[in-house]
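Protein chains: 2
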Amino acid sequence: MRASGRTRTRDIARAAVRAELAQVAFELFLRNGFDNVTLDDLASAAGVSRSTFLRYFGTKEEAVLSVFDAHGAQVADALRSRPADEDDWTALRRALDTVIEQYRQDPDAALATTKLVRSTPALCARQLEKQHGWRPALAQALAERGGSPGSVAVGMTVKAAAALDCLDIALDHWTASDGALDLIGLLDEAFAALGSC
Amino acid sequence: MRASGRTRTRDIARAAVRAELAQVAFELFLRNGFDNVTLDDLASAAGVSRSTFLRYFGTKEEAVLSVFDAHGAQVADALRSRPADEDDWTALRRALDTVIEQYRQDPDAALATTKLVRSTPALCARQLEKQHGWRPALAQALAERGGSPGSVAVGMTVKAAAALDCLDIALDHWTASDGALDLIGLLDEAFAALGSC
DNA sequence: AACTAGTCTGAAACTCAGTTTCACAAAAGG
DNA sequence: CCTTTTGTGAAACTGAGTTTCAGACTAGTT
């Protein structure tokens, strides 16, 4: 037997440690700047060894970005549960509400994180990579919605990519405005811009 | 005086060396895989020191990707010289012809490069970053076309981003098909997918 | 031709991220 | 109680990229 009983307890403990490490790392990054914090700094600040820190997050960047790990699958799932007769573009827009909601839940934390990411080239690059990785999943979900689960047409991928860009750009402006602008409004505006091509 | 006479000669020589280094690096990457080639390997294969190699390309990745450096500005320029009454989406599509043309000029080399990039995570990530850097320039060009050179609306950036995605995805499929599919056709298809949102 | 100033190069030392290996401790599970 | 798995720390290692410095080469100047 592998996954039952005590193992769950362990996984929860693991997640808690992970969250704790991420928290410590985040504060250190904010205070000193991402590039000025070494893995050794992180480890000793968190009271663990460098090895351990790197076991929880494979890289320095992941300590910040692992928060977003689930987003891709979440949006894809949301997409699959949209009504079948809804057009792709609307379905994508609605599916993104899932993510947006998490920003509205705790705007301050979200803003702080996003600001850190956007002002740090290394984090920016990694997040770009991560978002890029969501494309296939979204395109796949679109294909299943369309009734052709096997083949993903170019159009599906393009729409998925464009939707992710809308999210990205809306977040960009939202962050640049220090949270003053309305995130949902920005996203709607972004989607509308492509609605009239 | 700084930029006249002999300095030009030097710059040409520099560019030639750069091209030579890139060529050697490319072959080595193809033969052994990007990750299995160290900077020392590159330097000694090219007959220069590690320092020199890194002076020409700031990073290992740049030795491959510097080919694309001009593309961003090229597309932006092409965009600016499109007729003023053309709609943004069409103008973007036509502006990309500039880049596509370079792929058609030497399809074999282009295919080899693209394949190497797409099959190497590190190169993929850097190129994503580079393309992302073109967004503002394209959005700016769109804004100028629209008669509002000062402010770049969300919509402009979104359109620019989507157009770049179309290029990216078209190239993806083209590469996956080993050059068998028609690149222009793929790009048109990608653009068409967003034309009907 | 001799002098000077700017540029290119190579060598070496250094920092840091990430990997790998190993030994040890703590539990899980039988 | 024993054994097997899992988490941790220590240490050595690889490789990318930075920095510093000294020497060579190249212009333009007088």
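In order, the protein sequence lines correspond to chains Y and D.
All the letters of the first sequence, read from the start, carry residue numbers 67 to 263 under our numbering.
All the letters of the second sequence, read from the start, carry residue numbers 67 to 263 under our numbering.
Every residue, glycine too, gets a C-beta built ideally from N, C-alpha and C.
query = Between residue 215(D) and the rest of its own chain, which residues show a CB-CB distance below 7 Å, the 5 nearest in sequence each way excluded?
reply = Walking along the second sequence from the start, residue 215(D) turns up at place 149. Annotation for residue 215(D): 209 place their beta carbon closer than 7 Å to its own, counting only its chain and skipping 5 residues before and after.
task = Measure the alpha-carbon distance for residue 146(Y) versus residue 157(Y) and round it to whole angstroms.
result = Position 80 of the first sequence holds residue 146(Y). Position 91 of the first sequence holds residue 157(Y). C-alpha separation (whole angstroms): 9 Å.
task = Return the CA-CA distance between residue 103(D) and residue 110(D), expressed in angstroms with no decimal places.
result = As a first step, residue 103(D) must be located in the second sequence, where it is residue number 37. As a first step, residue 110(D) must be located in the second sequence, where it is residue number 44. Answer to the nearest angstrom: the Cα atoms are 11 Å apart.
query = Along chain Y, in chain order, which residues have C-beta atoms closer than 7 Å to that of residue 195(D)?
reply = Looking up residue 195(D) in the second sequence gives position 129. What residue 195(D) touches in chain Y, judged by beta-carbon distance under 7 Å, is 191, 194, going in chain order.
task = Kindly list, in the order they appear in chain D, the residues whose Cβ is closer than 8 Å to that of residue 252(Y).
result = In the first sequence, residue 252(Y) corresponds to position 186, counting from 1. Within chain D, the C-beta atoms nearer than 8 Å to that of residue 252(Y) come from 220, in chain order.
message = Let's see if you can read the secondary structure: which residues bound the alpha helix (DSSP H) around residue 251(Y)?
response = Here residue 251(Y) corresponds to residue number 185 of the first sequence, with the count starting at 1. 249 to 261 is the extent of the alpha helix (DSSP H) around residue 251(Y).
query = Whose Cβ in chain D lies nearer than 9 Å to the Cβ of residue 261(Y)?
reply = Indexing the first sequence from 1 puts residue 261(Y) at position 195. By Cβ distance, chain D contributes 263.
task = Indicate whether at least one CB of chain Y lies closer than 8 Å to the CB of residue 167(D).
result = As a first step, residue 167(D) is located in the second sequence; it is residue number 101 there, counting from the start. So, not an interface residue.
key: Interface partners of residue 227(Y) on chain D, CB under 7 Å   = To locate residue 227(Y), count along the first sequence from 1; it is residue 161. Result: 231, 235.
message = Using the three-state DSSP reduction, which class does residue 113(Y) fall into: helix, strand or coil?
response = Taking the first sequence and counting its residues from 1, the one referred to as residue 113(Y) is at position 47. Reduced to three states, the DSSP call for residue 113(Y) is coil.
query = Is it true that the region 219 to 229 of chain D meets the region 227 to 234 of chain Y, where meeting means three or more beta-carbon pairs spaced less than 8 Å apart?
reply = yes
key: CA-to-CA distance, residue 86(D) to residue 77(Y), given in whole angstroms   = Counting from 1 along the first sequence, the entry for residue 77(Y) is found at position 11. Counting from 1 along the second sequence, the entry for residue 86(D) is found at position 20. Their Cα atoms are separated by approximately 53 Å.
inquiry  = Contact criterion: CB-CB distance below 8 Å. Does residue 137(Y) meet it with respect to chain D?
reply    = Here residue 137(Y) refers to the residue found at position 71 when the first sequence is read from its first residue. Judged by the 8 Å Cβ criterion, residue 137(Y) is not in contact with chain D.
query = Taking residue 135(D) as the reference, which of 219(D), 203(D), 261(D) has the closest Cα?
reply = On the second sequence, position 69 is the one that residue 135(D) refers to. When C-alpha distances from residue 135(D) are compared across 219(D), 203(D), 261(D), the shortest belongs to 203(D).
task = Give the range of the alpha helix (DSSP H) segment to which residue 220(Y) is assigned.
result = Position 154 of the first sequence, counting from 1, holds the residue named residue 220(Y). Annotation: the continuous alpha helix (DSSP H) that includes residue 220(Y) extends over 220 to 242.
task = Within its chain, find whatever has a CB closer than 7 Å to the CB of residue 253(Y); leave out the 5 residues flanking it on each side and keep chain order.
result = Reading the first sequence from its first residue, position 187 is the one you call residue 253(Y). Taking residue 253(Y) as the centre and dropping the five residues before and after it, the same chain places the C-beta of 162, 166, 232, 233, 236 closer than 7 Å to its C-beta, in chain order.
ask   = Whose Cβ in chain D lies nearer than 9 Å to the Cβ of residue 255(Y)?
value = Translated into the one-based positions of the first sequence, residue 255(Y) becomes position 189. Correct list: 219, 220, 221, 224.
request  = Give the residues of chain Y in contact with residue 155(D), contact being defined as C-beta atoms less than 7 Å apart.
outcome  = Taking the second sequence and counting its residues from 1, one reaches residue 155(D) at position 89. Result: 263.
Within 8 Å, strictly: CB atoms of residue 164(D) and residue 133(D) = Here residue 164(D) is taken as the residue at index 98 of the second sequence, counted from 1. Here residue 133(D) is taken as the residue at index 67 of the second sequence, counted from 1. Not closer than 8 Å, so no.
inquiry  = Going by DSSP, what residue range makes up the alpha helix (DSSP H) through residue 179(Y)?
reply    = Working through the first sequence from its first residue, we reach residue 179(Y) at position 113. Residues 173 to 184.
inquiry  = Cutting at 6 Å between CB atoms, please list the residues of its own chain near residue 91(Y), excluding the five before and the five after it.
reply    = As a first step, residue 91(Y) is located in the first sequence; it is residue number 25 there, counting from the start. If we look at residue 91(Y) and ignore the five residues flanking it on each side, its Cβ neighbours are 108, 129.
task = Count the other CB atoms, across all protein chains shown, that sit within 10 Å of the CB of residue 93(Y); report buried if there are 16 or more and exposed otherwise.
result = On the first sequence, position 27 is the one that residue 93(Y) refers to. When all chains shown are included, residue 93(Y) counts as exposed.
ask   = Taking the alpha-carbon positions, what's the residue 213(D) to residue 257(D) distance?
value = Residue 213(D) sits at position 147 when you count from the first residue of the second sequence. Residue 257(D) sits at position 191 when you count from the first residue of the second sequence. Between residue 213(D) and residue 257(D), the C-alpha separation is close to 24 Å.
ask   = Do you know whose CA, among 263(Y), 244(Y), 131(Y), 211(Y), lies nearest residue 100(Y)'s CA?
value = The sequence position of residue 100(Y) within the first sequence is 34, counting from 1. Taking only the C-alpha atoms, the option nearest residue 100(Y) is 131(Y).
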